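Novice: At position 209 of the sequence shown (counting the first as 1) the number is 209 in the UniProt record's numbering, and the numbers step up by one without a gap. Backbone N, C-alpha and C define an ideal beta-carbon position, used for all residues, glycine too. Treat the numbers as computed from the prediction; the structure is a model and nothing was measured.
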Amino acid sequence: MTKGDTLAIKKVSLEKGQTKPPARLSEATLLSAMEKPAAFLEEESADLVKTLGETGGIGTVATRADIIEKLLNTQLMEKRGKELVITKKGKQLLELVPSELQSPALTAQWEQKLDQIAKGKLNKTAFIAEMKQYATTIVSEIKQSKQSFKHDNVTGTPCPQCGKLLLELENKHGKRRVCQDPACGYKKNISKTTNARCPNCKKKMELWGEGEGQMFACVCGHREKMSTFQEKRKNNQHKKVSKREVNQYMKKQKESDFTNSALADALSKLKLDK
1 MTKGDTLAIK KVSLEKGQTK PPARLSEATL LSAMEKPAAF LEEESADLVK
51 TLGETGGIGT VATRADIIEK LLNTQLMEKR GKELVITKKG KQLLELVPSE
101 LQSPALTAQW EQKLDQIAKG KLNKTAFIAE MKQYATTIVS EIKQSKQSFK
151 HDNVTGTPCP QCGKLLLELE NKHGKRRVCQ DPACGYKKNI SKTTNARCPN
201 CKKKMELWGE GEGQMFACVC GHREKMSTFQ EKRKNNQHKK VSKREVNQYM
251 KKQKESDFTN SALADALSKL KLDK
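Pasting the structure below:
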């Protein structure tokens, strides 16, 4: 085909479709993004991108996994299968904090200043004073802001210690209710994920309640008191035979097979004519 050629159009078709959003981050891809955050810089200078590449990104190999764990434990994001999803609490935090705290460019700028200190081009005391002033300014701006954080997980149950409404939290270990006042510190476990398997569908069951009223519950609908479950487990343990006991039994059977058996004794007494 060359420029100026004429082609006959035999068929034209219109296809409908929808664009797909980028896949959500998983723990593995988020770790990779923290190691190489330059792709998330918007209209930043080339030297900042270079700095992030040389210094190893956000955090260190030893701290990145811990950072993700803290984000999950504080309900700023949650896991849905293998995907990480930002929560309403996390979205509110992004709306409240200054924009520069949301960009890896700030990390690159601080790394550059640390490099200047190492080369003797910047005074360490001056850098520390600058950091203190920056932190003071940020905190002051947040305090003076008219925006306020609103809990989206408030329950109708008052705290038995201070009277404020409790918050319901959920993580990979289960559910619990805590006082919204950190100074109060009240908390109560509602349910927790266990390794106990449902007798019907074999999935892990949750343990609800406290004390003698504790009950196992499965997503398939199975319910069972903990006392009943423990009794069944106790009975099953009595029925179980160890591998060692099985081996000893088989060994005895092997030794006794056709050795001094009734049939062998009877045959030994027979006198057969030659």
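(1) Can you tell me the Cα-Cα spacing of M1 and K11, whole angstroms?
(2) Mind checking which residues open and close the beta strand (DSSP E) that includes K187?
(3) Using DSSP with H/G/I as helix, E/B as strand and the rest coil, what is F40?
(4) For the putative contact between Q161 and Y186, defined by C-beta atoms under 8 angstroms, what is the C-beta separation to the nearest angstrom?
(5) Starting from F216, trace the beta strand (DSSP E) in both directions and tell me its first and last residue.
(6) Helix, strand or coil for E78 per DSSP?
(7) Do you know how far the Cα of N200 is from the Cα of E206?
(8) How is the alpha helix (DSSP H) around V139 delimited, first residue to last?
(9) Specify the secondary structure class of I86 as computed by DSSP and reduced to three states.
(10) Going by other Cβ atoms of all chains shown within 10 Å of its Cβ, with 16 needed for buried, is R64 buried or exposed?
(11) Taking CB distances under 9 angstroms as the criterion, tell me whether T194 reaches chain D.
(12) Would you kindly check if the distance between the Cβ of R24 and the Cβ of L101 is under 9 angstroms?
(13) So, K91 versus Q75, is the Cβ gap smaller than 9 angstroms?
Specialist: Concretely, from the data shown:
(1) Approximately 19 angstroms, taken between the alpha carbons.
(2) 187 to 197
(3) helix
(4) The beta-carbon distance between Q161 and Y186, rounded to whole angstroms, is 5 angstroms. This is short enough to meet the 8 angstroms contact definition.
(5) Counted as a single uninterrupted DSSP element, the beta strand (DSSP E) harbouring F216 occupies residues 215 to 217.
(6) In the three-state DSSP reduction, E78 falls in the strand class (E or B).
(7) 14 angstroms
(8) 124 to 144
(9) In this structure, I86 counts as strand in the three-state DSSP scheme.
(10) buried
(11) Looking for chain D here will not work: only one protein chain is present.
(12) no
(13) Their beta carbons are not under 9 angstroms apart, which means K91 does not touch Q75 by this criterion.
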